[in-house]
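Colleague: Residues are numbered in the numbering used here as their position in the sequence shown, beginning at 1, plus a constant of 6. Take this structure first; my questions come after.
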Amino acid sequence: MALATTLFSAVRDSDLLHKLVAHTKPAMADDDIPADFSRSYFPEGFIFGTATSAYQKNEDEKIGITLFTFWFEPLSNRTIDIEASKTTLDFMFGLWMEPLTNGHYPKRVQNLVGDRLLTFNETETFDYDGNLIGPQFYIFPKGIRSLLNYTKNRYNDAVIYITENVVDNGNNETQPISDALKDQFRIDYYQKHMWKALESLNNDDVKLRGYFAWSYLDNFEWNIGYTSRIGLYYVDYKNNLTRYEKDSAKWFAKLLNNEVSKKSPSLSKITGQVTSGKSRKLGKHYIMRRCRIDLRSIYVSCC
C-alpha cells in the first residue's frame with residue numbers, strides 16, 4: 007500500500023502514469039461459487055435492491071452519516087507491519103466510528119495525538135444507540151468480509167446493511183452501445199462480493215440484513231462526473247438519456263428470481279475492465295483507486 011501510494015504520488019503528472027493505466031487491469035481472487043448461486047442462498051427476509059440517489063421518507067425509518075475508509079492488510083507478519091495496519095485503520099475508520107459508538111477516540115490515536123485531540127464531556131458522548139452509521143470502503147472481494155467482521159467485533163455487533171456496492175468502468179464515448187451492454191465483469195464482481203458477504207453472514211454470524219447494488223443507472227458520480235459508468239442500466243447521454251438494459255441488469259433480475267442456473271464461464275479468470283488504448287483523463291482516477299486495493303467501492307451502513 008505505501009509503495010503503491012508513493013508510486014502514484016511520484017508519477018501522477020507524467021507520461022508513465024498513462025502508460026501504466028493503459029496496461030493495468032484489476033484482478034479478483036477466485037472462489038468456488040456454486041453454479042446455482044442465487045437469492046435462495048440468503049436467509050428469508052434478506053433485502054436486495056439497486057441503490058439510487060433518491061431517498062424516501064418513511065415513518066420509523068433511520069437515516070445517518072457515511073464514513074470513508076479502506077481495509078488495510080499488513081505487509082508481512084512482523085509486529086511492526088501488523089501494528090501499522092491497525093493504526094492506519096484507527097485513523098481512517100476508528101477516528102470517527104469510535105466516538106460515535108463508544109464516546110472516545112481509539113487508543114492508538116490518543117497515544118499518538120495526545121492532548122491535541124478534542125475532549126468529550128459527559129453530555130457529548132454516547133454509547134451505541136442504534137443510530138445509522140456507515141463507512142465507504144474500496145475493496146477486493148475478501149476485504150468485504152474482513153470489514154464486516156471487523157465492524158461486528160469492534161462496534162457492538164451492529165445490524166448491517168450494504169447500502170451501496172459498486173464496480174465502474176471508463177465511459178468510452180466511441181464504444182457502440184451494443185458492446186457497452188456486455189458487462190460480464192460487473193456480473194462477476196457482484197457475484198464474488200455477494201458470496202463473501204454471505205460467508206460473513208453464515209460463517210461469522212455477522213448481522214447482515216441487506217445488499218444493494220450501486221447503481222440502478224449510469225449517473226453523475228460525486229468525484230468523477232460522467233467519466234465512469236457504474237449502472238446496471240446504460241444511459242445514452244447524447245440521445246435524450248435513453249436507457250438500455252445491460253447484461254448485469256438481466257443477471258441481477260435472475261438472481262432475485264432464483265433463475266441463475268449456470269456459472270459464468272469467465273468467473274475463474276476475472277480481469278475486470280479499466281480502459282482500452284489511451285487512458286486520457288481517466289488515468290489519474292484509475293491509478294489512484296488502484297492504490298486503494300482494487301477499483302471497487304462499498305458503503306456499509308450499520309444500525
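No residue lacks a Cβ here, since even glycine has one placed at the ideal position from N, Cα and C. Predicted, not measured: the structure shown is a model, and the values here were computed from it.
Rank D194, R215, L124, T233 by C-alpha distance to the C-alpha of W102 and give the top, closest one.
Modeller: Position 96 of the sequence shown holds residue 102. Taking each of D194, R215, L124, T233 in turn and checking the Cα distance to W102, the smallest one comes out for L124.
Colleague: Please tell me whether W220 and V172 are closer than 8 Å, where the distance is taken between their beta carbons.
Modeller: Along the sequence shown, read from residue 1 onward, the residue named residue 220 stands at position 214. Along the sequence shown, read from residue 1 onward, the residue named residue 172 stands at position 166. The answer is yes: Cβ separation under 8 Å.
Colleague: Report the residue from Q197, D242, G216, N177 whose alpha carbon sits nearest the alpha carbon of G231.
Modeller: Residue mapping note: residue 231 aligns to position 225 of the sequence shown, counting from 1. The candidate whose alpha carbon is nearest that of G231 is N177.
Colleague: Quick one: what does DSSP say D96 is sitting in, helix, strand or coil?
Modeller: Your numbering for residue 96 matches position 90 in the sequence shown. Helix.
Colleague: Cβ atoms of S206 and N155: under 8 Å apart, would you say?
Modeller: Your numbering for residue 155 matches position 149 in the sequence shown. Your numbering for residue 206 matches position 200 in the sequence shown. Yes. Within cutoff.
Colleague: Buried or exposed, going by whether 16 or more other CB atoms sit within 10 Å of the CB of L261?
Modeller: Within the sequence shown, residue 261 is the residue found at index 255, counting from 1. When all chains shown are included, L261 counts as buried.
Colleague: Please classify A255 as buried or exposed, where buried requires at least 16 neighbouring CB atoms within 10 angstroms.
Modeller: Position 249 of the sequence shown, counted from the start, is the residue given in the question as residue 255. A255 comes out buried.
Colleague: With respect to the beta strand (DSSP E) encompassing F218, which residues constitute its N-terminal and C-terminal limits?
Modeller: Along the sequence shown, one-based indexing puts residue 218 at 212. Looking at the DSSP string, the run of the beta strand (DSSP E) that includes F218 is 214-220.
Colleague: Since I believe V115 is in contact with D96 (beta carbons under 8 Å), could you give me their beta-carbon distance rounded to a whole number of angstroms?
Modeller: On the sequence shown, residue 96 is found 90 positions in, with the first residue counted as 1. On the sequence shown, residue 115 is found 109 positions in, with the first residue counted as 1. Right, their Cβ atoms sit about 5 Å apart.
Colleague: Can you tell which of I150, I88, L247 has the C-alpha that lies nearest to the C-alpha of Y196?
Modeller: Along the sequence shown, one-based indexing puts residue 196 at 190. That would be I150, whose Cα lies nearest to the Cα of Y196.
Colleague: Taking the alpha-carbon positions, what's the L204 to F48 distance?
Modeller: Within the sequence shown, numbered from 1, the residue matching residue 204 stands at position 198. Within the sequence shown, numbered from 1, the residue matching residue 48 stands at position 42. Distance between the alpha carbons of L204 and F48 is about 7 Å.
Colleague: Please go through the same chain and pick out, in chain order, the residues whose beta-carbon is closer than 7 Å to the beta-carbon of T93, but skip the five residues on each side of it.
Modeller: As a working note, residue 93 is residue 87 in the sequence shown. For T93, where only same-chain residues beyond five positions count, the Cβ hits under 7 Å are R114.
Colleague: Start and end of the alpha helix (DSSP H) containing N159?
Modeller: Taking the sequence shown and counting its residues from 1, the one referred to as residue 159 is at position 153. Counting along the chain, the alpha helix (DSSP H) containing N159 begins and ends at 147-160.
Colleague: Any idea what DSSP makes of F317, helix, strand or coil?
Modeller: Residue 317 lies beyond the range of the chain shown here (7 to 309); nothing can be said about it.
Colleague: Name, in chain order, the residues that DSSP records as bridge partners for T248.
Modeller: Within the sequence shown, residue 248 is the residue found at index 242, counting from 1. According to DSSP, T248 bridges with D242.
Colleague: V266 and S44: beta carbons closer than 8 Å?
Modeller: In the sequence shown, residue 266 corresponds to position 260, counting from 1. In the sequence shown, residue 44 corresponds to position 38, counting from 1. Closer than 8 Å, so yes.
Colleague: Please state whether DSSP places S184 in a helix, a strand or coil.
Modeller: Within the sequence shown, the letter at position 178 stands for residue 184. Note: S184 maps to helix in three-state DSSP.
Colleague: Could you tell me if D242 is buried or exposed, where buried requires 16 or more neighbouring beta carbons within 10 angstroms of its beta carbon?
Modeller: Position 236 of the sequence shown, counting from 1, holds the residue named residue 242. Classification for D242: exposed.
Colleague: Is the CB-CB distance between G55 and F218 below 8 Å?
Modeller: For the purposes of this step, residue 55 is taken as the residue at position 49 of the sequence shown. For the purposes of this step, residue 218 is taken as the residue at position 212 of the sequence shown. Cβ atoms of G55 and F218: closer than 8 Å.
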